[in-house]
Amino acid sequence: MYPRCCPICHRVLQDQNGLICPDCLKSLRPVEEPRCKKCGKSIEYEEEELCWDCQNRSHEFDEGRGIFPYDKVMRRSILKYKDGGRREYGDFYGKALLYYGRKELARWHPQAVLAVPIHPKKKRMRGFDQAEYLAEIVAEELKIPCLQGYVKKTKPTAAQKNLGASQRRKNLRDSFVGLPGDWKVSSLLIIDDVYTTGSTMDAVSLQARLHGVEKIYFLTVCVGKGN
Numbered sequence: 019m020y021p022r023c024c025p026i027c028h029r030v031l032q033d034q035n036g037l038i039c040p041d042c043l044k045s046l047r048p049v050e051e052p053r054c055k056k057c058g059k060s061i062e063y064e065e066e067e068l069c070w071d072c073q074n075r076s077h078e079f080d081e082g083r084g085i086f087p088y089d090k091v092m093r094r095s096i097l098k099y100k101d102g103g104r105r106e107y108g109d110f111y112g113k114a115l116l117y118y119g120r121k122e123l124a125r126w127h128p129q130a131v132l133a134v135p136i137h138p139k140k141k142r143m144r145g146f147d148q149a150e151y152l153a154e155i156v157a158e159e160l161k162i163p164c165l166q167g168y169v170k171k172t173k174p175t176a177a178q179k180n181l182g183a184s185q186r187r188k189n190l191r192d193s194f195v196g197l198p199g200d201w202k203v204s205s206l207l208i209i210d211d212v213y214t215t216g217s218t219m220d221a222v223s224l225q226a227r228l229h230g231v232e233k234i235y236f237l238t239v240c241v242g243k244g245n
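The sequence shown begins at 19 in my numbering and counts up one residue at a time.
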C-alpha cells in the first residue's frame, strides 16, 4: 500500500524494485580498516589490533563485525526501521550484511544463524522482530538454518542507549534464556541491528556457549565507535 523508501534519505524510491537510491549508495561507507580484530569497531592505529573495550574486557563471542558506523544518519535509519514501520529497510540491511561481510562469512563457515531476540511485548508493539527479519535473509542466502526460538528474552529491560557499560551488563543480567539441551551446532552466527558495548551480544552468546556452541560470530548493521 505504501511506496518503498530509501533507507538513508527516506525519500520515495523512483525505482520501486531497488533497495536504496543511487546517490545514497554512492555516499554510504562501511567501517574500514583498521578495525578491532575482536568486535570490528573502527580503531585509530592498526598496530593496536583491539579497541579499548576489547583490551579491557573479555567477551563471550569469538569475533564479529558491524558494517556501518553508528552515526547520526544510520541512527535515524535504524530507528525508522525498528519503530517507524519501515520494515522494507531490512531488505537493504540484510543484503549489506551479506555483501560487506562476505569475507568474514567465508572464513567463519557458520552452521546456523541466530537473531538477538526482543521481548514479546516489544515485538507486539513493533509488529515484527527487527533482528529476526535480518537473520532470515542471511540464513536463506547462506542456505543454513535460522534458529528461531532458541534464545528468548524473558523480561523487558530499560533502553540500553541511555546506560553506561556496567549498567548495560546489569540491565541484561538473566534477561535471556536458551532452549534446553545441546543445540548440536558448533559454529553460530548471531545477527543484530546495532553493536555498541557488546553487553547484549555477550548475554546471547553466553546462552549459546551453555548449550554446546563452540565458535560464536556476529554481524550487525551498525557498530559504535572504538577508542
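From the three backbone atoms N, C-alpha and C, an ideal C-beta is built for every residue, glycine too.
Reduced DSSP category for residue i - H, G, I as helix; E, B as strand; rest coil
| i | result |
| --- | --- |
| E81 | strand |
| F86 | strand |
| K56 | coil |
| D210 | strand |
| C23 | strand |
| I234 | strand |
| K171 | strand |
Residue from the options whose Cα sits closest to the Cα of residue i
| i | options | result |
| --- | --- | --- |
| V212 | K100, P25, H77 and P40 | K100 |
| V203 | D210, K55, A130 and G196 | A130 |
| D98 | H28, F236 and K173 | The question names Asp, but residue 98 in the sequence shown is Lys. Per the Cα distances, H28. |
| I26 | S76, P52, F86 and E51 | F86 |
Residue i classed as buried or exposed, judged by whether at least 16 other C-beta atoms fall within 10 angstroms
| i | result |
| --- | --- |
| W201 | buried |
| W70 | exposed |
| R47 | exposed |
| L43 | exposed |
| H77 | buried |
| K161 | exposed |
Limits of the unbroken beta strand (DSSP E) element including residue i
| i | result |
| --- | --- |
| K121 | It is not in any beta strand (DSSP E) - K121 instead sits in the alpha helix (DSSP H) that spans R120 to W126. |
| L132 | A130 to A133 |
| G196 | F194 to G196 |
Unbroken alpha helix (DSSP H) run spanning residue i, endpoints
| i | result |
| --- | --- |
| L228 | S217 to L228 |
| V156 | Q148 to L160 |
inquiry  = With three or more beta-carbon pairs closer than 8 Å as the criterion, would you say the stretch 217-236 touches the stretch 142-154?
reply    = No, because fewer than three Cβ pairs between the stretch 217-236 and the stretch 142-154 fall closer than 8 Å, the two stretches do not touch.
inquiry  = Three or more C-beta pairs under 8 Å: does that hold for the stretch 158-174 against the stretch 47-65?
reply    = no
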